[in-house]
Amino acid sequence: MTVPETSFLWATEGIFLVVFLFILVFCFIAPESDRVFHYLHVTTLFVGVVAYYAQASGNGFIVNSATLYQFSWVRYVYWAVSWPAICVSLGLLSGISWVTILTNVGISWIWVVSYLAGAFVEAQGHDYKWGFFAFGTFCWLILVASTLNEGREAAERFDVKRDYLCLAIWANLTWVLFPVAYGLSDLTHKLSPESGVIFFGILDLLQLPVLALALLFFTQKWDFGRLDLAFSEFRVKPRL
165 MTVPETSFLW ATEGIFLVVF LFILVFCFIA PESDRVFHYL HVTTLFVGVV
215 AYYAQASGNG FIVNSATLYQ FSWVRYVYWA VSWPAICVSL GLLSGISWVT
265 ILTNVGISWI WVVSYLAGAF VEAQGHDYKW GFFAFGTFCW LILVASTLNE
315 GREAAERFDV KRDYLCLAIW ANLTWVLFPV AYGLSDLTHK LSPESGVIFF
365 GILDLLQLPV LALALLFFTQ KWDFGRLDLA FSEFRVKPRL
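As numbered in the working numbering, residues 165 to 404 make up the sequence shown, in order.
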């Protein structure tokens, strides 16, 4: 990594850290029954802090021995945490079943693993890498259908459709660019490793930190009891 890319990574790590600390404060300010999204995203943002610290410090990278292309394996670890967190957040807000939420989490993991496997294919022109790309991208399409269709319909029951759509549309607008970035960098190597790092870094900044801050804003007007989300205060409600 050259100096500009390293500086970008440190700046990205700093932004993740600031957003993490900001939401961490609200973990102690918000009513205990209304902290489920705070807890979820403060944990995920901290993973982002660690992931970008690793990249900025020159760690977390690996070189494909056949193509000599360097890519960051730690970014896939971060996605394996952040994308399921987004699925859980949207699922909890919309009111879809836990079965659907867990299915979406599993689908997001398959997406990450497929893309990671494709990055390790040991020949730049080998057709097998496109199979992994197809598997991962198909998982993304499943998540699009679930979050923009099934989740939207469920959100109507709790009168949070507008807020849900704002969050779901933003999540999917950022998600749609990940196959593009992956295809141009870790898959086909059309972009240099440095350009790929910047592309993915911008997408990561636009995704979870923005969604976490938006959720923090929206939660101020939600009735967590009515949404059946007031379960972060007690594991079991005390008997009166």
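Glycine included, C-beta positions come from ideal geometry on N, C-alpha and C. Predicted, not measured: the structure shown is a model, and the values here were computed from it.
Identified DSSP bridge partners for residue i
i, result
"Ile226", "Phe235"
Integer Cβ distance of residue i from residue j, believed to fall under 8 angstroms
i, j, result
"Val276", "Trp247", "7 angstroms"
"Ser253", "Phe201", "6 angstroms"
"Leu331", "Asn268", "Contact flag wrong, Cβ pair sits at about 14 angstroms."
"Arg235", "Ala283", "Correcting the residue type first, residue 235 is Phe in the shown sequence and not Arg. Confirmed, Cβ separation roughly 5 angstroms."
Any non-hydrogen atom of the ligand ATP closer than 7 angstroms to residue i Cβ
i, result
"Val245", "This structure lacks the ligand ATP, and indeed carries no ligand of any kind."
Boundaries (first-last residue) of the alpha helix (DSSP H) holding residue i
i, result
"Ser359", "357 to 382"
"Ala318", "315 to 319"
"Lys325", "325 to 339"
"His353", "Looking at the DSSP string, His353 is not in any alpha helix (DSSP H), and its letter there is neither H nor E."
"Ile271", "262 to 283"
"Gly212", "200 to 220"
"Lys293", "292 to 309"
Cβ-based burial, residue i [other Cβ within 10 Å; buried from 16]
i, result
"Ser171", "exposed"
"Gly389", "exposed"
"Ile265", "buried"
"Pro156", "Within the shown structure, residues of the chain are numbered from 165 to 404, placing residue 156 beyond reach of any answer."
"Ala345", "buried"
"Val285", "buried"
"Trp262", "exposed"
"Ala298", "exposed"
"Asp291", "exposed"
"Glu317", "exposed"
"Ser221", "exposed"
"Val182", "exposed"
"Phe342", "buried"
"Gly270", "exposed"
"Val324", "buried"
Any C-beta of chain C under 8 angstroms from that of residue i
i, result
"Trp237", "This model lacks chain C altogether; it includes just one protein chain."
Distance, residue j Cα to residue i Cα
i, j, result
"Phe296", "Val189", "41 angstroms"
"Lys293", "Leu351", "7 angstroms"
"Leu391", "Trp304", "27 angstroms"
"Tyr240", "Asp368", "11 angstroms"
"Glu358", "Leu256", "37 angstroms"
"Ile274", "Leu280", "10 angstroms"
"Pro195", "Leu209", "21 angstroms"
"Leu355", "Val361", "10 angstroms"
"Asp198", "Val238", "31 angstroms"
"Phe180", "Val213", "6 angstroms"
"Leu380", "Leu370", "16 angstroms"
"Gly347", "Ile260", "32 angstroms"
"Ile333", "Asp327", "10 angstroms"
"Leu393", "Asp387", "9 angstroms"
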